[in-house]
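Undergrad: One structure coming up, written as structure tokens, with questions to follow.
Protein chains: 2
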Amino acid sequence: MPKIGMEPVRRKALIDATISAIGERGSLDVTMSEIAGRAGVSSALAHHYFGAKDELLFATMRHILAELNIDTRRALRLAMTPRQRVSAVVAVSFSDDQFQPQIIAAWLAFYVEAQKSSDLRRLLRIYARRLHSNLMSGLTGILPRAEADRVAEATAALIDGLYIRRALKDGVPNAQTAIELIEDYLETKLTGRSLP
Amino acid sequence: MPKIGMEPVRRKALIDATISAIGERGSLDVTMSEIAGRAGVSSALAHHYFGAKDELLFATMRHILAELNIDTRRALRLAMTPRQRVSAVVAVSFSDDQFQPQIIAAWLAFYVEAQKSSDLRRLLRIYARRLHSNLMSGLTGILPRAEADRVAEATAALIDGLYIRRALKDGVPNAQTAIELIEDYLETKLTGRSLP
DNA sequence: TTTTATTGATTGATGCGTCAATAAAAAATA
DNA sequence: TATTTTTTATTGACGCATCAATCAATAAAA
Numbered sequence: 001m002p003k004i005g006m007e008p009v010r011r012k013a014l015i016d017a018t019i020s021a022i023g024e025r026g027s028l029d030v031t032m033s034e035i036a037g038r039a040g041v042s043s044a045l046a047h048h049y050f051g052a053k054d055e056l057l058f059a060t061m062r063h064i065l066a067e068l069n070i071d072t073r074r075a076l077r078l079a080m081t082p083r084q085r086v087s088a089v090v091a092v093s094f095s096d097d098q099f100q101p102q103i104i105a106a107w108l109a110f111y112v113e114a115q116k117s118s119d120l121r122r123l124l125r126i127y128a129r130r131l132h133s134n135l136m137s138g139l140t141g142i143l144p145r146a147e148a149d150r151v152a153e154a155t156a157a158l159i160d161g162l163y164i165r166r167a168l169k170d171g172v173p174n175a176q177t178a179i180e181l182i183e184d185y186l187e188t189k190l191t192g193r194s195l196p
Numbered sequence: 001m002p003k004i005g006m007e008p009v010r011r012k013a014l015i016d017a018t019i020s021a022i023g024e025r026g027s028l029d030v031t032m033s034e035i036a037g038r039a040g041v042s043s044a045l046a047h048h049y050f051g052a053k054d055e056l057l058f059a060t061m062r063h064i065l066a067e068l069n070i071d072t073r074r075a076l077r078l079a080m081t082p083r084q085r086v087s088a089v090v091a092v093s094f095s096d097d098q099f100q101p102q103i104i105a106a107w108l109a110f111y112v113e114a115q116k117s118s119d120l121r122r123l124l125r126i127y128a129r130r131l132h133s134n135l136m137s138g139l140t141g142i143l144p145r146a147e148a149d150r151v152a153e154a155t156a157a158l159i160d161g162l163y164i165r166r167a168l169k170d171g172v173p174n175a176q177t178a179i180e181l182i183e184d185y186l187e188t189k190l191t192g193r194s195l196p
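Those protein sequence lines, which keep their order, are chains A and B.
Taking UniProt numbering, the leading residue of the first sequence gets 1, the next gets one more, and so forth.
Taking UniProt numbering, the leading residue of the second sequence gets 1, the next gets one more, and so forth.
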């Protein structure tokens with residue numbers, strides 16, 4: 001009984017299903033049938049809306065990235081000082097919306113897939129650049145540019161590293177601990193060095 | 001024309017071929033035929049020696065881990081002070097043998113696979129524990145235990161994070177830069193706090 | 001003659017992508 | 001308004017390719 005205007009609903013459902021399927025399997029080795037089943041439709045419909053599997057995966061990663069970006073922008077809007085901007089970027093990466101097993105597993109899986117797909121690689125590069133730039137938007141108000149660059153690089157690496165170790169269920173046990181660890185690093189690098 | 005005593009030779013060749021295949025493809029999505037072909041044998045022979053594909057992959061990861069362990073032990077033997085022990089562990093992770101695209105791609109791919117395979121997960125946990133313990137072997141001589149724990153955790157996360165970002169060909173451009181970044185972190189955390 | 005090394009051929013399973021068919025809504029036409 | 005036509009939504013069934021794993025066969029060494 002076809003209702004009209006189903007396309008956006010199905011697209012959303014399929015992307016959500018893709019995330020949860022990847023999260024459960026822990027890799028991109030999920031079948032179109034599995035994803036479609038979770039979304040409550042046939043695999044043929046998934047192909048109808050997304051063409052090939054790659055495109056569905058790509059759309060899924062883009063969706064995750066877009067969500068992260070929205071959250072980040074909102075958090076940055078609330079930050080009043082450069083120091084708060086840095087903390088805001090870190091906090092978003094470990095917020096309840098982002099730092100959940102499904103999303104972490106997806107990140108990891110997409111990092112691997114990016115080795116094969118240049119489209120996906122480009123997407124993840126954009127994330128890396130944006131993260132760096134967001135961190136710099138706060139750090140340049142506190143440190144000289146060269147120094148800020150290094151701290152941004154280290155902070156980004158810390159975020160990615162803590163994500164991975166979380167995927168292994170090893171290392172830091174929760175988001176709060178992860179944030180404290182990075183904040184501790186930032187404190188030792190930033191205190192007593194405020195620009196005039 | 002079967003020569004005897006081929007087993008160890010073939011096993012080694014197949015594991016090396018697996019690493020290079022994974023390194024090139026950037027994921028574990030390599031066929032047994034591809035691997036066997038690189039090793040100069042038939043896929044049937046690969047099955048003959050390793051049984052199933054999982055076992056070959058497992059043996060490959062174990063081999064990579066063993067190599068890392070050997071290198072680390074050698075480096076630690078040369079370290080004279082606690083501070084040098086910490087640097088030694090970091091240096092090995094970014095040595096020419098370890099910080100090459102093939103090995104990095106393999107690490108990343110195996111991290112993902114560990115989500116599915118509990119055997120592999122156990123193996124990677126051992127690595128994580130060992131890394132932590134190796135770092136602690138130096139840090140406990142410099143910092144109080146709780147503090148040492150945090151620094152070890154952060155250092156491990158930094159190493160993993162820099163590995164990932166390297167896989168994306170983004171972030172730090174080379175091993176030297178990566179080492180400097182971590183050493184910079186360690187300096188700010190360790191200087192002026194030597195235990196009596 | 002038994003063991004070790006080796007492979008070509010085959011099988012069976014899996015999974016992507018296609019296609020024709022069905023049906024409801026919307027648009028066009030009478 | 002009643003009808004026909006087109007568009008949108010949806011799926012079951014199927015073809016086709018890929019690959020892991022097996023097996024029987026071959027041949028050199030012990």
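Even glycine gets a Cβ: it sits at the ideal position worked out from N, Cα and C.
What do you reckon, are the CB atoms on GLY23 of chain B and GLN102 of chain B nearer than 8 Å?
TA: Yes. Within cutoff.
Undergrad: Quick check on VAL86 of chain B: buried or exposed, where buried means 16 or more other Cβ atoms within 10 Å of its Cβ?
TA: With 16 or more other Cβ atoms within 10 Å, it is buried.
Undergrad: Just to check my reading of the structure: ALA46 of chain B and LEU56 of chain B have Cβ atoms closer than 8 Å, yes? What is that Cβ distance to the nearest angstrom?
TA: 7 Å between Cβ atoms; contact.
Undergrad: Please list, in chain order, all residues of the same chain as THR155 of chain A whose beta carbon is under 6 Å from its beta carbon, the five residues on each side excluded.
TA: These residues qualify, in order along the chain: LEU135.
Undergrad: Quick check: the Cα distance between ARG10 of chain A and TYR49 of chain B, rounded to an integer number of angstroms?
TA: Using only the alpha carbons, I get a separation of about 47 Å.
Undergrad: Put LEU181 of chain A into one of helix, strand or coil per three-state DSSP.
TA: The answer is helix: DSSP assigns LEU181 of chain A an H, G or I state.
Undergrad: From the beta carbon of LEU162 of chain B, is the nearest beta carbon of chain A less than 8 Å away?
TA: Yes, LEU162 of chain B counts as interfacial toward chain A.
Undergrad: How is the alpha helix (DSSP H) around ILE103 of chain B delimited, first residue to last?
TA: That run of the alpha helix (DSSP H) goes 101-113.
Undergrad: In the structure shown, what three-state DSSP assignment does THR31 of chain B receive?
TA: Coil.
Undergrad: Kindly list, in the order they appear in chain A, the residues whose Cβ is closer than 8 Å to that of SER27 of chain B.
TA: The contacting residues are VAL112, GLU113, GLN115 and LYS116.
Undergrad: Alpha carbon to alpha carbon, how far is LEU120 of chain A from THR18 of chain A?
TA: Straight-line Cα distance between these residues: approximately 16 Å.
Undergrad: Considering just the uninterrupted stretch of the alpha helix (DSSP H) at ILE70 of chain B, what are its terminal residues?
TA: Per DSSP, ILE70 of chain B belongs to the alpha helix (DSSP H) from 53-78.
Undergrad: Pairs of beta-carbons, one from the region 147-162 of chain B and one from the region 104-111 of chain A, closer than 8 Å: are there three or more?
TA: The region 147-162 of chain B is not in contact with the region 104-111 of chain A.
Undergrad: What residues from chain A crowd round GLU153 of chain B, counting only those whose CB sits closer than 8 Å?
TA: Going along chain A in sequence order, the residues near GLU153 of chain B (Cβ under 8 Å) are GLY171, VAL172 and LEU181.
Undergrad: Within the continuous alpha helix (DSSP H) that includes SER95 of chain B, where are the two ends?
TA: No alpha helix (DSSP H) contains SER95 of chain B, which DSSP labels as neither H nor E.
Undergrad: Strictly below 7 Å CB to CB, what residues from chain B border THR188 of chain A?
TA: Those within 7 Å of THR188 of chain A in chain B are THR188 and LYS189.
Undergrad: Among A:LEU78, A:ILE126, A:ILE4 and A:ARG25, which has the Cα closest to the Cα of GLY138 of chain A?
TA: Of the listed residues, the one whose Cα sits closest to GLY138 of chain A is A:LEU78.
Undergrad: Taking the C-alpha atoms as reference points, what is the distance between SER33 of chain A and ILE15 of chain A?
TA: The straight-line gap from Cα to Cα measures roughly 13 Å.
Undergrad: Kindly list, in the order they appear in chain A, the residues whose Cβ is closer than 8 Å to that of ARG150 of chain B.
TA: Per Cβ cutoff of 8 Å: LEU181 and ASP184.
Undergrad: Please tell me whether ILE35 of chain B and ALA21 of chain B are closer than 8 Å, where the distance is taken between their beta carbons.
TA: Yes, the Cβ-Cβ distance between ILE35 of chain B and ALA21 of chain B is below 8 Å.
Undergrad: Are the Cβ atoms of THR72 of chain B and VAL89 of chain B separated by less than 8 Å?
TA: For THR72 of chain B and VAL89 of chain B, yes; Cβs fall inside 8 Å.
Undergrad: Leaving out five residues on either side along the sequence, give the residues of the same chain with a beta carbon under 7 Å from the beta carbon of GLY26 of chain A.
TA: So the qualifying residues of the chain are ALA105.
Undergrad: What residues from chain A crowd round ALA128 of chain B, counting only those whose CB sits closer than 8 Å?
TA: The answer, in chain order, is ARG165, LEU168, ASP170 and GLY171.
Undergrad: Short of 7 Å in beta carbon distance, which residues of its chain neighbour ARG38 of chain A, apart from the five on each side in sequence? Order them along the chain.
TA: Contacts found: ALA17, SER20 and ALA21.
Undergrad: Of all the residues that make up the region 93-109 of chain A, which are near chain B by a beta-carbon distance shorter than 7 Å?
TA: Hits within the stretch, in order: ALA105, LEU108 and ALA109.
Undergrad: Count the other CB atoms, across all protein chains shown, that sit within 10 Å of the CB of GLU113 of chain B; report buried if there are 16 or more and exposed otherwise.
TA: By the 10 Å Cβ count, GLU113 of chain B comes out buried.
Undergrad: Can you tell me whether DSSP reads ASN174 of chain A as helix, strand or coil?
TA: Looking at ASN174 of chain A - three-state DSSP - the assignment turns out to be coil, as it is neither helix nor strand.
Undergrad: Can you pull the chain A residues whose beta carbon is under 8 Å from the beta carbon of LEU158 of chain B, in chain order?
TA: In chain order: ALA154, ALA157, LEU158 and GLY161.
Undergrad: Less than 8 Å between the C-beta atoms of residue 236 of chain A and LEU181 of chain A, yes or no?
TA: One cannot answer for residue 236 of chain A here, as it falls past the ends of chain A, which runs 1 to 196.
Undergrad: With a threshold of 16 other CB atoms inside 10 Å of the CB of MET6 of chain A, please say whether the residue is buried or exposed.
TA: Per the 10 Å Cβ criterion, exposed.
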